[in-house]
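Take 84 as the starting number for the sequence shown in this note's numbering and just add one per residue. All residues carry an ideal CB built from backbone N, CA and C; glycine is no exception. Since we're looking at a predicted model, the values are computed, not measured. Here the structure is laid out as structure tokens; the discussion comes afterwards.
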Amino acid sequence: MKDDQLISVVIPVYNEEKNVKRLFDELLFSLNGLAKKFEIIFVDDGSTDQTMVELKKLRPARIISFVKNSGQTAAFNAGFQVAKGDIIATIDGDLENDPRDIEKLLEKLDEGFDIVSGWRKNRWKDKILTRRIPSWIANRLISFVTGVKLHDHGCSLKVYRGRVLKGVSLGGDMHRMLAAYIASRGARIVEVAVSYRSRQYGKSKYGLSRTFKVLLDIVSFYFFDRYARRPMHFFGGAGFVSLISGGLIFLWALFLRIFEGTHLNRTPLPVLTAIFVVIGFQFILMGLLAEIIVRSSKDFRDQEAYKIKEEIDNR
Numbered sequence: 084m085k086d087d088q089l090i091s092v093v094i095p096v097y098n099e100e101k102n103v104k105r106l107f108d109e110l111l112f113s114l115n116g117l118a119k120k121f122e123i124i125f126v127d128d129g130s131t132d133q134t135m136v137e138l139k140k141l142r143p144a145r146i147i148s149f150v151k152n153s154g155q156t157a158a159f160n161a162g163f164q165v166a167k168g169d170i171i172a173t174i175d176g177d178l179e180n181d182p183r184d185i186e187k188l189l190e191k192l193d194e195g196f197d198i199v200s201g202w203r204k205n206r207w208k209d210k211i212l213t214r215r216i217p218s219w220i221a222n223r224l225i226s227f228v229t230g231v232k233l234h235d236h237g238c239s240l241k242v243y244r245g246r247v248l249k250g251v252s253l254g255g256d257m258h259r260m261l262a263a264y265i266a267s268r269g270a271r272i273v274e275v276a277v278s279y280r281s282r283q284y285g286k287s288k289y290g291l292s293r294t295f296k297v298l299l300d301i302v303s304f305y306f307f308d309r310y311a312r313r314p315m316h317f318f319g320g321a322g323f324v325s326l327i328s329g330g331l332i333f334l335w336a337l338f339l340r341i342f343e344g345t346h347l348n349r350t351p352l353p354v355l356t357a358i359f360v361v362i363g364f365q366f367i368l369m370g371l372l373a374e375i376i377v378r379s380s381k382d383f384r385d386q387e388a389y390k391i392k393e394e395i396d397n398r
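Here is the structure:
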């Protein structure tokens, strides 16, 4: 890493009033030890406690505050938009990540990688059924869908070269798939084991219900990654499969009527034929409508997923 490169650290926080000061102090200590230029960007995701009050006391720091809770993905996006660094690091605001590990990730980045992702290797040893197994399943599914093999896609402790984040924007809770998404498009990624510390203050935002949301996001990611710009390929394909199925059922019905004398009104075949044909045409029409929407919805695509209430520069 060149001495004149700027490091931007983006930290999304939500109701972390007891954590932000300690995290900031640890970050300052770690970053000052690197002898590099840096900026620290906190994104307050609509906290309802005193997090914003505590953030305003921190210097040097840049603070973005949302009008309402918009999710961690939106917070990362907002931080990336204002980050000026050649290198962008991300870290959670709950103190579960150790800021000292940033140096380890930066050293790996110097080996020619574009993204270095943390791996919380010893996480949740005492919560095998409720956390460890669901996390393992989710990580395997993300690896399968994206083609990028990581043990811990959800670890927020990551380091990116700034250029690979340009023009990238994800919705939902897809921040956990951001690194894999970029890597699937040619960026070089590597995983490094990092420390994991149990939360001391505040309430965890993660639970079993989050696993189901992750599964839905994986499905959404798969669809939008492959069909967002060509939805007719998806809906049209499903429509043709349905039409062909209806046609085959119709031919089978004709065969039974002509060669075996079966009265079709005594079988469900005519109804099944009609159902498959109607569904097929509906899918094709949905594909056409989706194509029209995609090609004429620039304003919708450019709409921000969050609203900034306040921006403070304490540098």
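Residue span of the alpha helix (DSSP H) that contains residue i, given as start and end
i	result
L89	First-last for L89: 89-96, but that is the beta strand (DSSP E), not the alpha helix (DSSP H).
A172	No alpha helix (DSSP H) holds A172; the beta strand (DSSP E) holding it covers 170-173.
V231	Premise fails: V231 is in no alpha helix (DSSP H) and is neither H nor E.
V103	103-115
N160	155-165
G329	314-342
One or two residues paired with residue i in a DSSP bridge
i	result
S200	K241, E274
I146	F125, I395
K120	L89
Inter-residue Cα distance where the pair is residue i and residue j
i	j	result
L240	L178	11 Å
H236	M260	6 Å
I123	R145	6 Å
F383	E393	Residue placement at F383 cannot be trusted, given a pLDDT of 49 that sits under 50; what the coordinates show is reported in the next sentence. Each residue's Cα considered, the two are about 24 Å apart.
L48	V251	No statement about residue 48 is possible, as the shown extent of the chain runs from 84 to 398 and does not include it.
Same chain, Cβ closer than 6 Å to residue i, neighbours up to 5 away in sequence not counted
i	result
L192	V199, V242
E109	P182
L224	I301
N34	Because residue 34 is not part of the residues shown, which for the chain are 84 to 398, the question remains open.
Own chain partners of residue i with C-beta closer than 7 Å, once the 5 adjacent residues on each side are dropped
i	result
T345	L339
E100	D132, Q133, T134, E137
W335	L352
P314	G370, A373, E374, V377
N102	G176, D177, L178, Y284, G285
S267	T229, G230, V231
Contacting residues, own chain, Cβ-Cβ under 8 Å from residue i (five flanking each side not counted)
i	result
I391	I147, S148, F149, V150, A161
Q88	K119, K120, G168, D169, I170
S113	P182, R183, I185, E186
V324	G363
S399	With the chain covering 84 to 398 only, the question about residue 399 has no answer from this structure.
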